[in-house]
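> Handing you this structure, nothing more for now.
In this note's numbering, the protein residues as written are 63 to 217.
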């Protein structure tokens, strides 16, 4: 098509086509064609840029969600470790106190000191609670919803 337009504008005597008025119309035609092509190229480039920015935003959002999930998992693990340490220490102290109380002899007598019923009941209750809590650990690990985290904004 461009070749035909150029032949019609400039003329092609060997084809039997006479020129239609010089090179002005050919220059205008090529100027318009170049303008249309450059506009289409710019629009295509802009569309590709917008698509790449959208893909980058989606990728950044997925990374942020993954960081939040990892932070929540780390926080749950830290809480579990601390809870385990506190419960284990408390149970160890109670058991040592109960055992120690049985070994202590009342001053001036040969009869051993008896463990108070309340203390022994507390130790047994703690053991029951720890056993029950251990049963909830798989449910906590299976939880897929991360806890909400409040982030303080600096002034």
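We put the beta carbon where it would ideally sit given N, CA and C, even for glycine.
Buried or exposed: which applies to residue 212, given that a residue is buried once 16 or more other Cβ atoms fall within 10 Å of its Cβ?
Because the pLDDT of residue 212 is 49, which lies under 50, any placement of that residue in the model is unreliable, and the question is left without a value.
> Evaluate contact between the stretch 122-134 and the stretch 142-158, counting only Cβ atoms and requiring at least three cross-stretch pairs below 8 Å.
Result no; under three Cβ-Cβ pairs closer than 8 Å.
> With three or more C-beta pairs closer than 8 Å as the rule, is the stretch 188-195 touching the stretch 141-154?
yes
> Can you give me the C-alpha to C-alpha distance between residue 117 and residue 141, rounded to a whole angstrom?
36 Å
> Between the alpha carbons of residue 119 and residue 106, how many angstroms are there, rounded?
20 Å
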